[in-house]
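Q: These protein sequence lines are chains A and B, in that order.
Here the first sequence is numbered in the working numbering, starting from -8 and rising by one per residue.
Here the second sequence is numbered in the working numbering, starting from 9 and rising by one per residue.
The structure's right below; bear with me while I get my questions together.
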Amino acid sequence: GESVGLHLPTLSVQEGDNSIINCAYSNSASDYFIWYKQESGKGPQFIIDIRSNMDKRQGQRVTVLLNKTVKHLSLQIAATQPGDSAVYFCAENQGGSEKLVFGKGTKLTVNP
Amino acid sequence: ETGVTQTPRHLVMGMTNKKSLKCEQHLGHNAMYWYKQSAKKPLELMFVYSLEERVENNSVPSRFSPECPNSSHLFLHLHTLQPEDSALYLCASTPSRNRLNTIYFGEGSWLTVV
């Protein structure tokens, strides 16, 4: 079936480095994507979203890139901090649907 | 604090027990959701309520029974569960069903079935 997945289950970076977390999706009809952050013991929190009419969107220290040609989504975190340590996962939505399909998640660990 | 409160945070129950999970939101949202989060699996949508009416049951076994007495409260009644039902159960709410970018999750209820 069609699903959203992540390339790597874990990512370890040094504090201050940039982090890149990837997501592959297979539903070419998906036109809205969201990145979530889930810290240990907490529920997922919205980070940033992007619609399919864009290929890049920037937030505070985060950038989401969308490559519709290869159905790939990435989350870039600049100057990664210890507080960024969490599980990150993407979710996709097909226009007209009220469902979000979630990926499995990548665990980001920031080393001091 | 996301405005969505779940209780209990941790629950251990036997396979013959009956228990309930509670979710409360005072965000004025009209849609509420139950999700299941298992280790190494994506978030799975279980139920959707909109204006207190169940609008989606995502092929969830009948041993899970949701209840939405009003737009601020959502329950998940549990009975005769299996060990594989052990997971983090997340409640969420949105202003309306199509406002996906404003979904607020609670911190979850960790359920262990023994």
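Backbone N, C-alpha and C define an ideal beta-carbon position, used for all residues, glycine too.
(1) Do you know offhand how far proline 103 of chain B's Cα is from tyrosine 112 of chain B's?
(2) Is there a C-beta anywhere in chain B that falls below 8 Å from the one on leucine 91 of chain A?
(3) Please work out which residues of its chain come closer than 6 Å, Cβ to Cβ, to alanine 82 of chain A, disregarding the five sequence neighbours upstream and downstream, and give them in chain order.
(4) Does DSSP classify glutamate 64 of chain B as helix, strand or coil?
(5) Consider the Cβ of glycine 22 of chain B: report whether some Cβ of chain A lies at a distance smaller than 8 Å.
(6) By the criterion of Cβ-Cβ separation under 7 Å, what are the contact partners of glycine 34 of chain A in chain B?
(7) Just the Cα atoms here: how many angstroms apart are asparagine 38 of chain B and aspartate 8 of chain A?
(8) Spell out whether any CB of chain A is found under 8 Å from the CB atom of asparagine 78 of chain B.
(9) Mapping the DSSP letters down to three states, classify glutamate 157 of chain B as helix, strand or coil.
(10) Within 10 angstroms of the Cβ of proline 103 of chain A, are there 16 or more other Cβ atoms? Answer buried if so, exposed if not.
(11) Between the Cα of serine 101 of chain B and those of B/Ala95, B/Ser28, B/Asn78 and B/Pro91, spot the shortest distance and give me the residue it belongs to.
(12) Under 7 Å from any heavy atom of the ligand ADP, does the C-beta of tryptophan 118 of chain B make it?
(13) Can a CB atom of chain B be found closer than 8 Å to the CB of glutamate -7 of chain A?
(14) Starting from proline 77 of chain B, trace the beta strand (DSSP E) in both directions and tell me its first and last residue.
(15) Starting from the Cα of serine 104 of chain A, find the closest Cα among A/Lys33, A/Lys28 and A/Leu64 and give me that residue.
(16) Report the three-state DSSP secondary structure of aspartate 93 of chain B (helix, strand or coil).
(17) Going by beta-carbon coordinates alone, are serine 46 of chain B and alanine 95 of chain B separated by less than 8 Å?
(18) Using only CA atoms, which one of A/Glu30, A/Val4, A/Gln36 and A/Ile41 lies nearest to glycine 86 of chain A?
(19) Report back the beta-carbon spacing between valine 12 of chain B and cysteine 31 of chain B to the nearest angstrom; my notes put them in contact at under 8 Å.
(20) Tell me, to the nearest whole angstrom, how far the beta carbon of lysine 59 of chain A is from that of serine 76 of chain A; I am working on the premise that it is less than 8 Å.
(21) List the residues of chain A that proline 50 of chain B touches, going by C-beta distances under 8 Å, in chain order.
(22) The beta strand (DSSP E) spanning serine 21 of chain A covers which residue range?
(23) By Cβ distance below 8 Å, which residues in the same chain neighbour methionine 21 of chain B in space, the five residues on each side in sequence not counted?
A: Taking the geometry as given:
(1) 9 Å
(2) yes
(3) Ile25, Leu91 and Phe93
(4) strand
(5) no
(6) Thr10, Leu98, Phe113, Gly114, Glu115 and Gly116
(7) 41 Å
(8) no
(9) Nothing in the structure corresponds to residue 157 of chain B, since chain B is present only between 9 and 122.
(10) exposed
(11) B/Asn78
(12) Ligands are entirely absent from the displayed structure, and the ligand ADP is therefore not among its contents.
(13) Bear in mind that a pLDDT of 37 at glutamate -7 of chain A, under 50, signals an unreliable position, so the number given afterwards is only what the model happens to contain. So, not an interface residue.
(14) 72 to 78
(15) The displayed coordinates of chain A run from -8 to 103. Any statement about residue 104 of chain A would go beyond what the structure contains.
(16) helix
(17) yes
(18) A/Ile41
(19) 7 Å
(20) Incorrect: roughly 30 Å between the Cβ atoms, too far for contact.
(21) Ser(-6), Val(-5), Phe80, Val92, Phe93, Gly94, Lys95 and Gly96
(22) 21 to 29
(23) Lys27, Leu86, Leu89, Leu119, Thr120, Val121 and Val122
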